[in-house]
Every structure is written in C-alpha cells, then in structure tokens.
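>
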Amino acid sequence: MTAGRRRVAALGALIVVVGAGLVVARGLPGSEATDVAGDALYAVAAYTGLVMLFPRASRALLALGAALWCVGVELLQLTGIPLVLAEGFPTLALVLGTGFDARDLVVYASAVAVALGVDAVVSARFLPRRRARTDVGASE
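Quick note, this note's numbering runs 6 ahead of the 1-based positions in the sequence shown.
#1: Does the pairing of the segment 106–123 with the segment 45–52 give three or more beta-carbon distances under 8 Å?
#2: Rounded to a whole number of angstroms, what is the C-alpha to C-alpha distance between Ala9 and Glu38?
#3: Please say whether Pro88 and Gly78 have beta carbons closer to each other than 9 Å?
#4: I believe Ala51 touches Gly27 by the beta-carbon criterion, under 8 Å. Please report the beta-carbon distance rounded to the nearest angstrom.
#5: Take Met7 as the anchor and find which of Pro35, Ala63 and Tyr53 has the nearest alpha-carbon.
#6: Using a Cβ-Cβ distance cut-off of 9 Å, determine whether Leu34 contacts chain D.
#7: In the segment 58–118, which residue ranges form an unbroken beta strand (DSSP E) of at least 3 residues, counting only runs that do not cross its ends?
#8: Counting Cβ pairs, one atom from each stretch, are 3 or more of them under 8 Å apart for the segment 66–78 and the segment 113–120?
#9: Tell me which residues share the same chain as Ala92 and place their Cβ nearer than 6 Å to its Cβ, disregarding the 5 neighbours each side in the sequence.
#10: Classify Gly36 as helix, strand or coil using the three-state DSSP reduction.
#11: By the DSSP assignment, the alpha helix (DSSP H) with Val14 in it spans what residues?
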C-alpha cells in the first residue's frame, strides 16, 4: 500500500472511530462498558491519527507513539489541569479526560495492540505483491 493510500485509509478509519467515540460519549448512557469503549476508541484514534500523519513509519513506532500519547494524557489528569480546562471548555474533556483511572492504561495498551494488528492485516491484504524475479538467460 502506498503512503498516499495508507493515509487516505487512515483518514477514513479515523472518521469512523471518532464518530463511534462521539456516539459512545454523547449518545449512550454512562457505564463501565461505555467508559472502556470510549477509552479503546480514543487509543485507536491516536494510532490511526499517527498513521495518517506518518504513513511510512513502522507500525511498532506508531503503536509506541499512540501508547505514549494516551499514557501522557492519562498522567496529566493527575495534575487536575484537564478538569479545570474542561470546566471552561466541556468538549475538551473528550480529548484530555478529567480524572485518572489506572484501568484506562490497560485499555489503551490493549486497544493500541489491536489497532496495530488490524493495521498489519489490512496492510498485508492490500500491499502490492511482488512478482517473482526471473533471470533472463539463466541456466536451469
């Protein structure tokens, strides 16, 4: 898959993931399940966003970047800054969260691993296959 096609595919996936995240955050009643689903979608959005920005980067590096972003945002919540910012700009809570929860770290790691796996499968499926190399004039 070329970098351009990978970027377009990542953009499409990101739109779907963000849409699903908004449905979970705004359209479903709050529960443990919706909290976990929202965290997972957040991590997948981080991964697909990085794929869109850096389509030639290795999947491992993209996964590491997404995981570090998610962990960084979660740790930032320990400061209380996201909570204060969300009071003035409620939509910002969707990006920065409001309170630390250690379970979120496990969900982020799991979701990034799934995103990496899906990326690998999709890339393998759509990667141009190389033709077998034939040497003209080679003896058998």
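Ideal Cβ placement from N, Cα and C applies to all residues, glycine included. As the structure is a prediction and not an experimental result, all values here were calculated from the model.
If we stick to the structure as given:
#1: yes
#2: 38 Å
#3: Not a contact, by the Cβ cut-off of 9 Å.
#4: 7 Å
#5: Taking only the C-alpha atoms, the option nearest Met7 is Ala63.
#6: Protein chain content of the structure displayed is limited to a single chain, and chain D is not contained in it.
#7: The qualifying runs do not exist here; there are none.
#8: yes
#9: Leu98, Ala99 and Thr104
#10: Of the three classes helix, strand and coil, the one that applies to Gly36 here is coil, per DSSP.
#11: Ala9 to Leu28
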